Structures are given as C-alpha cells and as structure tokens.
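Novice: Okay, so the sequence shown: first residue is 70 according to the working numbering, each after it adds one.
Here a beta-carbon is modelled for each residue, glycine too, at the ideal position from N, C-alpha and C.
Please read all numbers here as calculations on a predicted model, not as lab measurements.
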Amino acid sequence: MDNEPLYSQPDVNGYYGQFGGAYIPEMLHRNVEELRTRYLDIIYEPAFQSEFQELLRDYVGRPTPLFLAERLSKQFNTTIYLKREDLCHTGAHKINNTIGQILLAERLGKKRIIAETGAGQHGVATATVCALKGVECIVYMGEKDIERQAPNVARMKMLGAKVVPALSGSKTLKDATNEAIRDWINNPNDTHYIIGSVVGPHPYPDMVARFQSVISEETRKQLKEKTGNELPTHVIACVGGGSNAAGAFYHFLEETSVQLVAVEAAGHGVNSGLSAATTQLGKPGILHGSKSLLMQTEDGQVVEPHSISAGLDYPGIGPLHANLFASGRGTFLSATDEEALTAAFELARMEGIIPALESAHALAALKQMTFTGKERIVLCLSGRGDKDLATYMEHIK
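#1: Check for me: the beta strand (DSSP E) holding residue 185 runs from which residue to which?
#2: To which residues of the same chain is residue 209 closer than 6 angstroms at the C-beta, ignoring the five residues directly before and after it?
#3: Using a Cβ-Cβ cutoff of less than 6 angstroms, which residues in the same chain neighbour residue 165 once the five nearest sequence positions on both sides are dropped?
#4: According to DSSP, simplified to helix, strand and coil, what is residue 398?
#5: To the nearest angstrom, how far is the alpha carbon of residue 212 from that of residue 384?
#6: State whether the segment 287-307 contacts the segment 445-459, with contact taken as three or more CB pairs (one from each stretch) at a distance under 8 angstroms.
#7: Is residue 97 near residue 272, with beta carbons less than 9 angstroms apart?
#8: Helix, strand or coil, according to DSSP, for residue 473 in the structure here?
#9: Ignore the nearest five residues each way along the sequence and tell me which others in residue 103's own chain have a CB closer than 8 angstroms to its CB.
#10: Is DSSP giving residue 380 helix, strand or coil here?
#11: Please determine, among 237, 379, 387, 265, the residue with the shortest C-alpha to C-alpha distance to residue 356.
#12: Considering Cα atoms alone, identify which of 261, 276, 260 is closest to residue 267.
#13: Does the beta-carbon of residue 100 have 16 or more other beta-carbons within 10 angstroms, so that it is buried, or is it exposed?
#14: With residue 24 and residue 403 assumed to form a contact (beta carbons below 8 angstroms), what rounded beta-carbon distance in angstroms separates them?
#15: State buried or exposed for residue 464, treating a residue as buried only when at least 16 other CB atoms are found within 10 Å of its CB.
#16: Could you spell out where the beta strand (DSSP E) holding residue 445 opens and where it closes?
#17: So, at 7 angstroms on beta carbons, what are the nonlocal neighbours of residue 142 in its own chain, with the 5 sequence-adjacent residues on each side left out?
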C-alpha cells in the first residue's frame, strides 16, 4: 500500500498519473529548475511557515467560516455547508496562493512579479501582495476580460500594478497566460511568475495546491467541531484550471469515502461549440508547460473556450484534476451559463450571499445530484460576486 501513488502529490517528475510534467522552452529551464529544486525546502522552513500563517490570519482573515446554509439545505433536503472563501481579503481564495508565492519570490531574490488573470481575482490578489511587499507587479489580462471585469482592473491599478492587455486569440485567460510566459522568457533573472491556478509546468500545480490546501485543512477541523466527524460525504467546487477545487479537495484526496465533485463551465451547452467543459470535450495535450486534458481540434489546435465566468474560461484543466477524472476518483459535472446565473440569484435571495459566477457553477450542480438527506456536503464558495455585478444586472428581472 505504501508505494501506491498519492492523488494529492505528483511523482518526482511532476506527474499525476499520466498528466503533468514540465514542457518548457530552454530559456525557462533555469527558472523552473530553481523552483523545482528549492520550493519544498523553502516553503516548509519554520520562518516561512510562521510568516505565511501569520499573514493568512492577520491579513487574509483566515480561518474562513464554514457556514451551515439552512435554507439551501432545506431546498435540497440535506445538509449543506458553504466554505466561505468569498470572505478572504480581496474577495476570493486566490490570495492564499499569492501570499505563499510572494514569500517564495522574496527568498529567491526576485524583484519583479508577473501574473496572468482571467476574472481578475488572481490579478488583484497578486497586485495586493506586491503592494504589501513593495515589489513591481505586471498583470497580463485578455482584452475581453478587461472589459467584463472592469472593477477588478481598477483595483489592480489602484494597488499599483501595470495591467497589460492580451490582444491575441480569444483575448481571454489562455492568451494572457501566453503573454506572461513570453515576458518570463525575456526576463528570466529578476522575475518570478506567480501562476494563479494548478496549471503550468511542475512544480506549479503542486506548489499552488499546497498553498490552497489551507481550505480543506480548515474544513476538516471545522466539520469536526460542528458535527463530530471531520469527513464530509461530498466536497463540491467549480473548476477552470482548478485551484479552489484543489484546495478544497486536498486533505480529502486520499479519503476515498469522500466524494469529490468538480463542476466545469458548460457555457451555452457542452456540445454547443461555446463551452469550457474540458473533461467532456478534451483529450490529452500540452498547454502552458504541462500535459493535461485540453480542448483541441483533430490536428491539436486549441479550441477557444466559452464561459460567462471569466475565471472558468480556460481550454484546459490542471493535471491533478485530469488525473482525478481519468482515475475515476473525482466526479466531473458541468453547468451552463444559464444554470449558473439561476443558482447565483437563488443563493442571493435564499442566504443573503452573492457568489462569484465561478462559484455559482458549483451551486448549480446541486440540482444534478440526488441526496438521501444524510449527507454532509461542503461546497467551496470560491469568491464573491462584486466583480460580476455588471453581468448580474443584465439578468435582474
């Protein structure tokens, strides 16, 4: 048993099952190798952990509450807890990872930070920690996302970040990531790239998952306090690249009694041609430095994704999640734009919480599941809906 691979950690080459690895241009080899050989030693140093935990507590506002959503539970005739990542400083779980990575960059002597962002939450979280530490920050963001996430663009600029539009392709998250990687290739010595999800070359998927694992670490303790049992029956989270889901699942990955439910963006419908349901539509391929499931044409060209939520608008999925899908350890569902909107309005009116459009996809999946009434469900509310008010306003009846 001891030699069985763990769902939570990659092998020495950065693979989760058949997915992962580091497919990088020669120019980035030194940077990625420096990270790979040093990240574990650095992040488990007592001084690092002390500063990391202190900032999570005093700056981010952790632990985030585990809230028993009584009216939502009644609707589905079961017990549903919401893990309130929307209450983190900056409005989403993204800050957990950026705090960790800025401390890592400091210890690596990097003076310049770059990042990519879709919904803008990771961009805001990166700009926030760069302001905290007095470090130069450049955020790449698709031109289309800049338009639909204007409040977050304003926040990044107010925090002192330079926001650079990505003008190629679909002008969304994939293209912003391409631009960030180009920048890194051109500035390898002084620059650290804070990737916002469990994607990219090894060690990024593992590193980001470890920083986000605080979500499930807290959940276990909180459930024990509330129910006497630290294991839920289900953990539900939305998945684009998949960092909030990786964090929510992490400390349950080896607990096979816990059902892990990942919810992708079906857009206008899985087979509509306007979707981001990677596990349903994708096949193995290489994007942004790792092998994973990827929406692509017969000749390997990336298919442009679509989702109403900028944070799920990505044609791939992190290798950790691709392995959960391929191995059957995770259950992958999808929700359409319309279903996510409906779920968001229902939560707002039922529990007084306006969720991010990304999180609304996880809420929408509840209607696709059947419950006996004996479940202990934890749903990761990855972010709050302030950034999506312009979209919500178009649909207020």
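Specialist: This is what the structure gives:
#1: For the purposes of this step, residue 185 is taken as residue 116 along the sequence shown, with counting starting at 1. 181-186 is the extent of the beta strand (DSSP E) around residue 185.
#2: Here the question's residue 209 lines up with position 140 in the sequence shown. Result list for residue 209: 185, 233, 235, 245, 248, 249, in chain order.
#3: What you label residue 165 is simply residue 96 of the sequence shown in a count that begins at 1. Once the five neighbours on either side are set aside, the close Cβ partners of residue 165 are 280, 281, 283.
#4: Here residue 398 refers to the residue found at position 329 of the sequence shown. It is coil, neither helix nor strand.
#5: As a position in the sequence shown, residue 212 is number 143, starting the count at 1. As a position in the sequence shown, residue 384 is number 315, starting the count at 1. Roughly 17 angstroms between the two C-alpha positions.
#6: yes
#7: Sequence index remark: in the sequence shown, residue 97 carries index 28 (1-based). Sequence index remark: in the sequence shown, residue 272 carries index 203 (1-based). It is not a contact, given that the beta carbons lie outside the stated cut-off.
#8: The chain is shown only over 70 to 466; residue 473 falls outside these bounds and no answer can be derived.
#9: The count along the sequence shown starts at 1 and reaches residue 103 at position 34. Taken in chain order, the residues that qualify are 177.
#10: As a first step, residue 380 must be located in the sequence shown, where it is residue number 311. Of the three classes helix, strand and coil, the one that applies to residue 380 here is helix, per DSSP.
#11: The residue you call residue 356 lines up with position 287 of the sequence shown. The shortest Cα separation from residue 356 among 237, 379, 387, 265 belongs to 387.
#12: The count along the sequence shown starts at 1 and reaches residue 267 at position 198. Of the candidates 261, 276, 260, the one whose C-alpha sits nearest the C-alpha of residue 267 is 276.
#13: By one-based count along the sequence shown, residue 100 stands at place 31. Flag for residue 100 reads buried.
#14: Only positions 70 to 466 of the chain appear in this structure, which leaves residue 24 out of reach.
#15: Walking along the sequence shown from the start, residue 464 turns up at place 395. Answer is exposed; the Cβ neighbour count stays below 16.
#16: The sequence position of residue 445 within the sequence shown is 376, counting from 1. First-last of the beta strand (DSSP E) with residue 445: 445-450.
#17: Here the question's residue 142 lines up with position 73 in the sequence shown. Once the five neighbours on either side are set aside, the close Cβ partners of residue 142 are 148, 149.
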